[in-house]
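Peer 1: One structure, as structure tokens, below. Some questions next.
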Amino acid sequence: MRPPETASHVGDVLGLFRDLGELSRIEVIERSGLSRSTVNQRLAALLDARLINAVDGGESTGGRPSTRFAFHSERAVLPCVDIGASGFVASVCDLSGTPLRHQNHSVDVWDGPDRVLGLVETAFARLLYDDDEIWGVGVGVPGPVEFASGRVVNPPIMTGWDGFDIAGWFSKRYPGPAIVENDTNSRAVAESRQTGTDNLIALKIGTGIGSGLVFNGQIIRGNEGAAGDIGHILATAADQLAPLPCRCGNVGCVEAYAGGWALIRDLSAAGVDVTSVAEVATLVQQGQMDAVRSVRNAGRVIGEAIASLVSILNPATIVISGQLAACDEILLSGIREKIFQRALPLATRNLQLRRSDLGELAGVTGLALITADRLLGVDNVDQTIATHSTPPAARPTAG
Ligand SMILES: [Zn+2]
């Protein structure tokens with residue numbers, strides 16, 4: 045049942061400020077279609093909760109129409125961590141998704157949740173200030189996530205994490221909800237919001253290969269959180285008689301031909317001295333012929349896998365990140381070639397394929413946005429305001 049107009053939906057008005065920035069009272073009335081008195085009540089509630097601020101030195105008692113308001117994104121912080129196969133980025137973000145402080149750590153995700161999450165806790169302790177008010181935590185992991193329960197399910201590369209209650213682990217230590225999300229989904233959200241693109245595929249190509257899908261502005265997770273996992277679908281390049289084994293236990297996967305770990309395998313077999321994906325990218329940048337050939341071929345394998353997705357979903361943009369994205373056109377040209385060869389012409393007519401320019405903070409930015417959406421969306425904002433209406437000094441210490 046919808047609550048009466050005057051009683052709820054401060055989330056709708058707050059959403060305008062989150063999307064559009066500074067607005068005057070009149071602009072809120074025009075944009076929302078709400079009555080003046082309802083807008084007045086909601087602005088008052090949001091000012092009370094300190095989720096918006098009057099800018100230009102505050103509102104006069106007469107409530108002059110020229111006064112403008114803006115989202116108070118520093119009202120609280122969201123510690124977020126983007127865990128990859130070989131390390132993580134920990135960050136304290138504000139409510140608009142902006143990383144305020146961050147740290148990088150190298151750790152193998154194979155080491156398991158106890159070790160990895162222990163290091164994350166240490167990193168958060170260094171990054172958080174005493175007066176930070178924590179409203180929630182965002183966690184990105186390189187595997188399929190059962191979003192509602194905050195657990196990873198059958199992760200191909202996360203030994204020891206299957207069924208581990210990641211959300212519960214964080215909820216015991218930090219206030220507010222802990223949101224667990226697949227790492228490529230969080231990147232896709234960051235790309236989508238920052239470029240205003242509602243339909244995009246965010247492709248991450250590093251040690252492994254994955255994709256995050258945002259369509260109509262929403263993450264496509266699928267029923268089990270498995271949507272977009274293109275690294276472990278059958279590669280068209282796979283030899284039907286002798287498909288290459290994949291690290292997931294299957295054979296013939298896209299990753300087994302085009303993932304960073306597969307390129308290291310092939311280059312090593314060809315006598316090239318290389319042990320990391322970053323080194324593969326460096327060799328390509330230096331023009332080493334074997335490395336260039338391998339990465340160009342990898343691009344074609346990935347392009348063939350993505351072409352079907354493009355035909356089915358018709359994205360406006362495919363944006364590429366991950367360590368191998370540093371190979372730039374050597375990688376992109378192979379992907380582009382196969383997509384435009386195989387996908388439907390109508391689906392590629394206005395398709396943009398480009399390298400991400402968000403860099404290593406894309407993951408934590410997306411995680412903070414997803415966590416803020418949960419806290420400040422229409423369904424939960426009333427609860428969020430009620431929980432945090434007492435000034436922090438009067439509350440018992442969190443955690
Ligand atoms: Zn596989």
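Here our numbering runs 44 ahead of the position in the sequence shown, where the first position is 1. All residues carry an ideal CB built from backbone N, CA and C; glycine is no exception.
Return yes when at least one heavy atom of ligand 1 lies under 7 Å from the C-beta of residue 53, else no.
Peer 2: no
Peer 1: Secondary structure at residue 433, three-state DSSP: helix, strand or coil?
Peer 2: Coil.
Peer 1: In angstroms with no decimal places, state the Cα-to-Cα distance between residue 221 and residue 212.
Peer 2: 9 Å
Peer 1: Can you name the start and end residues of the beta strand (DSSP E) that residue 365 belongs to?
Peer 2: 361 to 365
Peer 1: Using the Cβ count rule (16 or more neighbours within 10 Å means buried), how would you classify residue 225?
Peer 2: buried
Peer 1: Is it buried or exposed, residue 317, if we count other Cβ atoms within 10 angstroms and call 16 or more buried?
Peer 2: exposed
Peer 1: Give a single yes or no on whether residue 294 has its beta carbon closer than 7 Å to a heavy atom of ligand 1.
Peer 2: yes
Peer 1: Let me make sure I understand the geometry here. Which of 189, 262, 325 and 154 has the alpha-carbon closest to that of residue 204?
Peer 2: 154
Peer 1: Rounded to whole angstroms, what's the CA-CA distance from residue 185 to residue 214? Just pull it up for me.
Peer 2: 14 Å
Peer 1: So with Cβ pairs under 8 Å, would you call residue 433 a contact of chain D?
Peer 2: Among the chains in the structure shown there is no chain D, since it carries only a single protein chain.
Peer 1: Looking only at its chain, what residues have a beta carbon closer than 6 Å to the beta carbon of residue 263, apart from the 5 residues adjacent to it on each side?
Peer 2: 229
Peer 1: Can you tell me whether DSSP reads residue 387 as helix, strand or coil?
Peer 2: coil
Peer 1: For residue 300, verify whether its CB is less than 7 Å away from any heavy atom of ligand 1.
Peer 2: Yes; taking the cut-off as 7 Å, the Cβ of residue 300 has a heavy atom of ligand 1 nearer than that.
Peer 1: Going by the C-beta, is residue 297 closer than 7 Å to any heavy atom of ligand 1?
Peer 2: yes
Peer 1: May I ask you to list the residues that DSSP assigns as paired with residue 219?
Peer 2: In the DSSP output, where bridge partners are listed per residue, residue 219 has none listed.
Peer 1: Tell me the rounded alpha-carbon separation between residue 367 and residue 93.
Peer 2: When rounded, the distance between both Cα atoms is 42 Å.
Peer 1: Could you tell me which residues DSSP pairs with residue 226 in its beta bridges?
Peer 2: 185
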